[in-house]
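One line per chain: the protein sequences are A and B, in this order.
In terms of our numbering, the first sequence is residues 87 to 836.
In terms of our numbering, the second sequence is residues 104 to 224.
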Amino acid sequence: MLYKSFFIILLSLFVRFAATAQLQIKGVVAAYVDEKEVLLPDVNVFWLGSSICTVTNNKGEFSIPYQKDYRNLVIQHIGYLADTINANRPNLGKIRLRKQLDLEEVVVRKKINPLQKSLFDVQNVVTVDSREMLKAACCNLSESFETNPSVDVNISDAVTGAKQIQMLGLNSPYLLFTQENMPSIRGASQIYGLSFVPGSWIESIQITKGAGNVLNGFESISGQINTELVKPLTDKKLFLNLYANNYERYEFNARYNHVISEKWATGIYLHGNLRNGEIDRNSDSFLDTPLANQVNFMNRWQYLDTDKGWVGFLNLQYLDDEKQTGQLTFNPDVDRFTTNAWGSEVNTRRLDISTKVGYVFPELPYQSIGFQAAYSNHEQNSYYGFNLYDIAHRSFYSNAIFNSILGSTQHKFKTGISFTYDVFDENVNSEILQRTDNTFGGFFEYTYDSLERLSFVAGLRLDHGNRLSTFITPRLHARYSLWDKASLRGSIGRGKRAANIFSENQQLFASSRQINVIDNGGDIYGLKPEIAWNFGAGFIQKLYLWNRTMELSLDFYRTSFQDQVIVDWENAREISFYNLYGDSYSNSFQFDFNYELVQNLDVRATYKNYDVVIDYTSERLQKPLQPEHRVFMNLNYETLKKGEGAQWRLDFTWNWLGRQRIPSTELNPAEFRFDDFSPSFSTLNFQVTRVFSNQFEVYLGGENITNYTLRNPILGSNDPFGPYFDSTLSFAPVLEATYYIGLRYKINTD
Amino acid sequence: MKKSFMLILFLTISIQISAQQKNKKVTFEVKGNCGMCKERIEETAIKLKGVKYASWDIPTKQLSLIINENKCNPLDIKKAIAEVGHDTDMAEAEAAVYDKLPECCKYRDPNTIHMDHSKKH
């Protein structure tokens, strides 16, 4: 060491001596320390490939004699990255060294698409996570499907503007809605219930096409939509969201979670909205969008003890929702049940209490017991002009499930019993209808996984209902891996349900149509329950194209009704309900294409074809207000995250609907008629989100920005108490372009 | 008389149960690296008669099993796992089998642990 430093000193003395006669290369060495420029002393400077060197002085300056044989100067200092400079001029100026950082680990992350189709799941499930929820303004569950190709969002009628969803060409009553795997939006809440679930409470949605599983009952026919809400133990500490649009619609969402201990947490979720704008852009004297307000409150409790294997949830929810619609001049206090003006009010109060308890055997991780119970009390008081409709629905649901294996985890099974109890009290234009439905049943579901190519789920349930008699519900799902990243799926299943004809078709009251129920001795409004079989097959292929993931999928489903309650709109003066005589089926085909076009620009494109045929008493017809062709496209772009998560997110959704058959209005005078078919049309939605940090973001968006609307959505709007008044045949948006702005603020738990 | 007979019967049954458990927890180390190894190890184990549950943990290399002792024993499981290329304390994989493993699974080379480990292939 001593020898070495002696040598360096000697060498530098020699260099200094020799230098006097030679050209000197000069420079200053600096670096950034805590964002300030510092001049570095004692930096080694030498000619590359030689031993001729020097060190910088206190001011970071160096001077080294020019060497003909060497070109590059190396500047080297401990803790900094060495720099090599081509010494092509006498004064090299300031040379800045960069700190040497040791990277311990580089993590390469790929964000998961917010819309996931699994290759391995036995069922055809699309999982939608909360990021997708942010793409539409998404004030509630019904609006959250607008960027989703598996589900069609339709507008049910021109007066209430309630958004209805469809799957496989069938209306929402044929879907089973569950909230955390307990049946939720059903019975009295079938039509408006989707708007009772605020979008910001939703953690994820699982959309299963075709026959569902037997665990959640026998009612699902076209599919199942499960909603998982945010959970107090894993949710953000605080979340706030404000929204406003150009039609004076305001929304407020707040979530607050408190972790009491490692095992206990509670959350308080609040949603309020107000629609205050009296909008009549089409000048038909009717509001284009209802006046409404809602207060929605939930308190959740979560218990989790992973050591002992216990999990539990308790939910309490209260909702108060009021809607007013009709003519602009309608004042409910004065004009209700008069011919001064046509108006309608729908007021709903609802209480939900539900609980879940689960126990996983600590010694046997594959074995568990679960129990779910839910109680709800739903009261709706409403009138539509002179039509009065009140419904009270009290419901109790319980389900006990035992999970275990047969021999090994390749063969799993679930078995259990369930009990439901529903009490309906309806008042339809002073006709009192009361009904109590109860069902008791047991189920068994077997899951096989070959761990290679084949897996299947076979389920069977046996139920007895006081109005549905004793019946079995078989369901089968199978998946087969054809080759790398490709799966073939098939499913078959039976579903049975009691149709609540009035609550499911409430829009009929906003018309002068006469209501006919053609009694055939059945137990539900004199009608028999609905029974359908659903068959499906699908193929999915994921692949890498130019190093980006591409996903192609196609599926075909056929739902065939054995028994159905037909809702017949074909006579313009009547609406008739009767049991099916003949055939009723729905064939649906869907092709999806997803690809990341360039980095962070994702495209989703979908084509859907529907063939929905019903044998009416008059003739065989395509289902009305159902486009045969639909095209959907969604473009999503995100900039790279900077600093505290700052980024831009852009989203475009384009929907094209082919022509739709409109129920015959031939019986009406010419001025109160629609064409036989609607024109095709498209709508365009967009949203821009500016994320400032992980805590704060602002969004701005527009819906139906091309302004496609129906000019005269309501037949006989100038004479709402006359015989031709009808607001039920709505096939396109009534509301013009909507522009909205909002913000989100969140604080994460540390 | 009948009672004491029942008691004896009961005792012998419970002794038998304690000796040969139907749900015996077994844990041992299996050499391996990645998600592909995990799939291979678990798949091999679960397909054996008597193995009810198998889970291999990547960071600790521990294979947790629940087995029916009447139907199988740990040594047979270790041999089966060695046959697909993974070493345990009692059974070592043959070179010919080991060499056929994908590069990221070659746990005998300490550097492979740093290789690109895709979870699903």
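Note that CB positions come from ideal geometry on N, CA and C, so glycine has one too.
Contact annotation for Tyr566/A against chain B: no contact, minimum CB-CB distance about 17 angstroms [criterion: below 7 angstroms].
Two segments are said to touch when three or more pairs of C-beta atoms, one from each, lie closer than 8 angstroms; by this definition the region 589-602 of chain A does not touch the region 626-643 of chain A. Taking 8 angstroms as the threshold, the shortest C-beta distance from Lys141/B to chain A does not fall below it. Residues of the region 445-461 of chain A with a Cβ closer than 9 angstroms to any Cβ of chain B, in chain order: Glu449, Leu450, Pro451, Tyr452. Distances from the CA of Asp688/A to each of Arg436/A, Trp350/A, Met719/A, Glu538/A were compared; the closest alpha carbon is that of Met719/A. For Gly471/A, the closest C-alpha among the options Pro809/A, Met253/A, Ser750/A, Glu121/A is that of Pro809/A. When CB distances to chain B are screened at a threshold of 9 angstroms, not a single residue of the region 748-775 of chain A falls below it. Residues of the region 150-168 of chain B with a Cβ closer than 9 angstroms to any Cβ of chain A, in chain order: Lys150, Leu151, Lys152, Gly153, Val154, Lys155, Tyr156, Ala157, Ser158, Ser167. Residue environment for Trp159/B: buried (at least 16 other C-beta atoms within 10 angstroms of its C-beta).
DSSP places Gln453/A in the coil class of the three-state scheme, outside both helix and strand.
Relative to the Cα of Thr375/A, the nearest Cα in the group Gly412/A, Gly456/A, Leu400/A belongs to Gly412/A. Its Cα nearest to that of Val316/A, the residue Ile354/A stands out among Tyr329/A, Ile354/A, Ile293/A. Taking a 10 Å sphere around the C-beta of Val214/A, we find 16 or more other C-beta atoms and assign the residue as buried.
Relative to Leu256/A, the option among Thr525/A, Gln708/A, Pro806/A, Val212/A whose CA is nearest is Gln708/A. For a Cβ distance threshold of 9 angstroms, residue set Leu537, Glu538 of chain A lies close to Glu146/B, ordered along the chain. By the CB criterion at 8 angstroms, Glu789/A and Arg830/A fall outside the cutoff. With respect to the 8 angstroms criterion, Ala584/A and Leu548/A are not classified as neighbours on the basis of their beta carbons.
Annotation for Phe505/A: Ser484, Phe526 place their beta carbon closer than 6 angstroms to its own, counting only its chain and skipping 5 residues before and after. At least one beta carbon of chain B lies nearer than 8 angstroms to the beta carbon of Ile491/A. Distance between Lys323/A and Phe338/A, taken at the CA atoms: about 17 angstroms. With a threshold of 8 angstroms between beta carbons, Lys125/B makes no contact with chain A.
Three or more beta-carbon pairs drawn from the region 794-807 of chain A and the region 754-768 of chain A are found closer than 8 angstroms, and the two stretches are therefore classed as touching. Secondary structure in the region 393-436 of chain A: the alpha helix (DSSP H) runs of 4 residues or longer, each lying completely within the stretch, are 418-421 in chain order. Gly135/A is positioned such that its CB atom lies no closer than 8 angstroms to that of Leu178/A. Under the Cβ criterion of 8 angstroms, Lys128/B is counted among the residues facing chain A.
By the beta-carbon neighbour count (other beta carbons within 10 angstroms, threshold 16), Trp655/A is buried. Between Gly622/A and Ser577/A the beta-carbon gap is near 5 angstroms, inside 8 angstroms, which marks them as a contact.
The C-beta of Gln627/A comes no closer than 8 angstroms to any C-beta of chain B.
Chain B places no beta carbon closer than 8 angstroms to that of Thr645/A, leaving this residue out of the contacts. Going by DSSP, Phe588/A is part of the alpha helix (DSSP H) stretching over 587-590.
Using a CB distance cut-off of 8 angstroms, Ser494/A counts as an interface residue toward chain B.
Under the Cβ criterion (8 angstroms, minimum of three pairs), the region 474-494 of chain A counts as touching the region 146-164 of chain B. Taking all protein chains in view, the Cβ of Asn312/A is crowded by 16 or more other Cβ atoms within 10 Å, so the residue is classified as buried. Gly358/A is the residue among Asp701/A, Gly358/A, Asn343/A whose C-alpha sits nearest the C-alpha of Asn382/A. Pairing Tyr210/B with Gly138/B gives a Cβ-Cβ distance that is not under 8 angstroms. For the pair Tyr696/A and Gln712/A, the CB atoms are nearer than the 8 angstroms cut-off.
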